[in-house]
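What follows is one structure encoded as structure tokens, with my remarks underneath.
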Amino acid sequence: EDQVTQSPEALRLQEGESSSLNCSYTVSGLRGLFWYRQDPGKGPEFLFTLYSAGEEKEKERLKATLTKKESFLHITAPKPEDSATYLCAVRVGAQKLVFGQGTRLTINP
Amino acid sequence: SQTIHQWPATLVQPVGSPLSLECTVEGTSNPNLYWYRQAAGRGLQLLFYSVGIGQISSEVPQNLSASRPQDRQFILSSKKLLLSDSGFYLCAWSVDGLPVSGNTIYFGEGSWLTVV
């Protein structure tokens, strides 16, 4: 069964304290891994797509990496506005994404 | 640029009443369209997707149905709502391209449904 697991469920950091979020997956054939940011009461906002192991993508304070079994979302020197739930998803078919439960990130000033 | 509109944003409906959530996409042609549900404390679950007018694929058996009467319009419906239908409903779109792995799915702002 295709499965995506994110850890930790929740993470609280001080402003400027760097850390990483984990997304591990078991799929029959990875066809892309996606990271989204979701603010409370809003739809998910697309951040990155990673296609193959070893690939990295960066956007401002965020950097996503991919291995054969997991992906990491590294956040460097975060600010309070980076507080959100971060969702990981893998494509398992032409039209289907399987999502993890998300990591709720809180950055305290 | 492409935009997606979803309405209503918030809805409180009694058990047994009908439901209609509507979604339209602007700025693109022949998009793939999706309905997802996000229940409290759970991940996003794909309910329906459509690759063209009148073409609907259902992922999960349930009390809901979907229709695509126009190229950029997607409607989620129910004849009689259940308490378990409460949740956050998200419409989304993507455009086919190569590689398939790069076909990003973009989400609307969502509709909160509370069945009472």
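Just so you know, the sequences run in chain order A and B.
As numbered in this note's numbering, the first sequence has no gaps in its residue numbers, which increase by one up to the final residue, 110.
As numbered in this note's numbering, the second sequence has no gaps in its residue numbers, which increase by one up to the final residue, 259.
Yeah, the Cβ is synthetic: ideal placement off N, Cα and C, and Gly gets one too.
The model shown is predicted, which means the values in this text are computed figures rather than measured ones.
Check: Supposed close pair P81(A), P110(A) - CB separation, criterion 8 Å; Outcome: 5 Å
Check: Beta carbon of G170(B) nearer than 7 Å to that of T153(B); Outcome: no
Check: Identity of the residue in Y232(B), D239(B) and V238(B) nearest S254(B) by Cα; Outcome: Y232(B)
Check: Beta-carbon gap between F47(A) and T247(B) smaller than 7 Å; Outcome: yes
Check: Residues near A54(A) in its chain [Cβ-Cβ closer than 8 Å; skip 5 each side]; Outcome: L67, T68 and K69
Check: First through last residue of the beta strand (DSSP E) which encompasses L207(B); Outcome: That residue, L207(B), is in no beta strand (DSSP E); it is neither H nor E in DSSP.
Check: Spatial neighbours of Q216(B) in its chain, beta-carbon cut-off 6 Å, leaving aside the 5 residues before and after; Outcome: T167
Check: Min CB distance F250(B) to chain A below 7 Å; Outcome: yes
Check: Cβ-based burial, T86(A) [other Cβ within 10 Å; buried from 16]; Outcome: buried
Check: Where T27(A) falls, given that 16 or more other Cβ within 10 Å makes a residue buried; Outcome: exposed
Check: Below-7 Å beta-carbon distance, T107(A) vs any chain B residue; Outcome: no
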